[in-house]
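A.B. asks: Protein chains in written order, with our numbering: chain G, 19 to 313; chain L, 13 to 140.
#1: Taking Cβ-Cβ distances shorter than 9 Å, what residues in chain G pair up with residue 90 of chain L?
#2: If the cut is a Cβ gap below 7 Å, which residues of chain G does residue 19 of chain L touch?
#3: Using the Cα positions of residue 105 of chain L and residue 37 of chain L, report the straight-line distance between them to the nearest angstrom.
#4: How about residue 51 of chain G and residue 297 of chain G: do their beta carbons lie closer than 7 Å?
#5: Going by C-alpha distance, which of G/95, G/226, G/288 and G/274 is nearest residue 236 of chain G?
#6: Enumerated in chain order, which unbroken segments of the beta strand (DSSP E) with a length of 3 residues or greater are wholly contained in the stretch 70-140 of chain L?
#7: Taking 8 Å as the threshold, find out whether the stretch 69-78 of chain L comes into contact with the stretch 101-108 of chain G through three or more Cβ pairs.
#8: Please report how far the alpha carbon of residue 109 of chain L lies from the alpha carbon of residue 99 of chain L, in whole angstroms.
#9: Taking the alpha-carbon positions, what's the residue 191 of chain G to residue 143 of chain G distance?
#10: Residue 98 of chain G and residue 229 of chain G - do their beta-carbons sit closer together than 7 Å?
#11: Residue 216 of chain G: which of G/284, G/210 and G/110 sits nearest, CA to CA?
#12: What residues from chain G crowd round residue 62 of chain L, counting only those whose CB sits closer than 7 Å?
#13: Determine the direct distance from the alpha carbon of residue 115 of chain L to that of residue 28 of chain L, and round the result to whole angstroms.
#14: Give the DSSP bridge partners of residue 25 of chain L, in chain order.
#15: For residue 81 of chain L and chain G, any beta-carbon pair shorter than 7 Å?
#16: DSSP three-state label for residue 98 of chain G, please.
#17: What residues from chain L crowd round residue 130 of chain G, counting only those whose CB sits closer than 8 Å?
#18: Are there 16 or more other CB atoms within 10 angstroms of the CB of residue 37 of chain G, so buried, or fewer, so exposed?
#19: Report all residues from its chain with a CB closer than 6 Å to the CB of residue 263 of chain G; omit the five preceding and five following residues, and keep chain order.
#20: Using a Cβ-Cβ cut-off of less than 9 Å, give me the residues of the stretch 115-126 of chain L that come near chain G, in sequence order.
#21: In the DSSP output, which residue or residues are listed as bridge partners for residue 212 of chain G?
#22: For residue 115 of chain G, write down the residues that DSSP places opposite it in a beta bridge.
#23: Candidates G/114, G/303, G/150 and G/89: which alpha carbon is nearest residue 246 of chain G's?
#24: Report the CB separation of residue 214 of chain G from residue 231 of chain G in whole angstroms; it is logged as a contact under 8 Å.
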């Protein structure tokens, strides 16, 4: 990939460090390929790596097992680029969010059961938001199409009733804000508002966790597909969008460092994948329509 | 659990059957760690696979994991109904929850897998 030479590639990295990059906006295939490469690098370097990224234009990302036909059937989203994530979960319409990608070597203590890393990453954001006076908490359960909280101990939600969009779902540990008195959008009958959801791809050498932090509602898509973000729910207007939200993310990184008991090394420049990280191959795959439409 | 069962570090198990075929599945430890399974994709029958190659995927509420071939060979049968009854993986991971049968092309690969004691050690003595 063209880009600045990453001096950190030769920096000695302790297995106990977290390295983080703030990347410029990119399209869907590039973001997905960089994230897969981040996982390969995490395994190679035996370090926790974090890539904070945005999207160069509104894009719908499908969970690894979702059907592309479900995206095509969304009237009003025609023409929106679609990319298939390596991670699971529901579809996300990017454009007013930050992607918090965390890659952890498989032998790291947080790479055990999926919920461990989920809780560390999400707990760090809850703590940071609370320190700023925002009453965030971790969700207790899941939401069906009618917006009711399912019993988290009741087993898997049947696939037929799982909402298509990630932000219409609730998993144990999602970061939520208290609900409003009146629903904000057509689906908004639930009692809380999800602002951060994550899903993982558990690879041989590393666990890749994609987190989506909703900074604000996406104004470029029909309102029925848009969900309120921090800027809409907390305010004042503009305070939680970029670049103002950088302080929140820096605070999250610092708390993540504490949660993982590893010092943070914030890398300068963008993340540049190593020559053996499989970036070019992954980019080609994520750009192929046949890959996006494989399900 | 059969005494001659072997395990891969990536949590797949292998059980030799008659006729030179091995049955493959994933361990109870792996199933429990994933929790709440929702989707699964099986390999195609007739596919030639190499040890360590992904032969399928499984999704839980929060994570997608690859299922890796513990040995090289040909996929000769799959448990086709398993994706529609994923609860079987939790109830009987070493029996009805089997995933595929492989005709190995290199029997020595089986010997190089972990025995039960070594796999116990890998998962820290947790039940599997």
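Virtual Cβ for every residue (Gly too), placed ideally from N, Cα, C.
C.D. replies: According to the data block:
#1: As a first step, residue 90 of chain L must be located in the second chain, where it is residue number 78. Taking a Cβ-Cβ threshold of 9 Å, none of the residues of chain G is close to residue 90 of chain L; the smallest such distance is about 18 Å.
#2: As a position in the second chain, residue 19 of chain L is number 7, starting the count at 1. What residue 19 of chain L touches in chain G: nothing, since even the nearest Cβ is about 15 Å away.
#3: Here residue 105 of chain L is taken as the residue at index 93 of the second chain, counted from 1. Here residue 37 of chain L is taken as the residue at index 25 of the second chain, counted from 1. Taking the straight line joining both Cα atoms gives about 7 Å.
#4: By one-based count along the first chain, residue 51 of chain G stands at place 33. By one-based count along the first chain, residue 297 of chain G stands at place 279. Yes, these two residues count as a Cβ contact at 7 Å.
#5: As a position in the first chain, residue 236 of chain G is number 218, starting the count at 1. Nearest of G/95, G/226, G/288 and G/274 to residue 236 of chain G, Cα basis: G/95.
#6: As far as the stretch 70-140 of chain L is concerned, its whole beta strand (DSSP E) runs of at least 3 residues are 75-80, 85-90 and 112-116.
#7: yes
#8: Taking the first residue of the second chain as 1, we reach residue 109 of chain L at position 97. Taking the first residue of the second chain as 1, we reach residue 99 of chain L at position 87. Between residue 109 of chain L and residue 99 of chain L, the C-alpha separation is close to 9 Å.
#9: Position 173 of the first chain, counting from 1, holds the residue named residue 191 of chain G. Position 125 of the first chain, counting from 1, holds the residue named residue 143 of chain G. Rounded to the nearest angstrom, the two C-alpha atoms are 11 Å apart.
#10: Indexing the first chain from 1 puts residue 229 of chain G at position 211. Indexing the first chain from 1 puts residue 98 of chain G at position 80. Not a contact, by the Cβ cut-off of 7 Å.
#11: Within the first chain, residue 216 of chain G is the residue found at index 198, counting from 1. When each option's Cα is compared against that of residue 216 of chain G, the closest is G/110.
#12: Sequence index remark: in the second chain, residue 62 of chain L carries index 50 (1-based). The contacting residues do not exist; residue 62 of chain L stays about 13 Å from chain G at best.
#13: Numbered from 1 along the second chain, position 16 holds the residue referred to as residue 28 of chain L. Numbered from 1 along the second chain, position 103 holds the residue referred to as residue 115 of chain L. Cα to Cα, the separation comes out at about 10 Å.
#14: As a first step, residue 25 of chain L is located in the second chain; it is residue number 13 there, counting from the start. DSSP lists L/19 and L/37 as partners of residue 25 of chain L.
#15: For the purposes of this step, residue 81 of chain L is taken as the residue at position 69 of the second chain. No, residue 81 of chain L does not count as interfacial toward chain G.
#16: Mapped onto the first chain, residue 98 of chain G falls at position 80. It is coil, neither helix nor strand.
#17: As a position in the first chain, residue 130 of chain G is number 112, starting the count at 1. Residues of chain L passing the Cβ test: 45.
#18: Taking the first chain and counting its residues from 1, the one referred to as residue 37 of chain G is at position 19. When all chains shown are included, residue 37 of chain G counts as buried.
#19: Position 245 of the first chain, counted from the start, is the residue given in the question as residue 263 of chain G. If we look at residue 263 of chain G and ignore the five residues flanking it on each side, its Cβ neighbours are 233.
#20: none
#21: Position 194 of the first chain, counting from 1, holds the residue named residue 212 of chain G. Per DSSP, G/194.
#22: Within the first chain, residue 115 of chain G is the residue found at index 97, counting from 1. Residue pairing by DSSP places residue 115 of chain G opposite G/232 in a beta bridge.
#23: Reading the first chain from its first residue, position 228 is the one you call residue 246 of chain G. Answer by Cα proximity: G/114.
#24: By one-based count along the first chain, residue 214 of chain G stands at place 196. By one-based count along the first chain, residue 231 of chain G stands at place 213. The pair is a contact, with the Cβ atoms about 5 Å apart (cut-off 8 Å).
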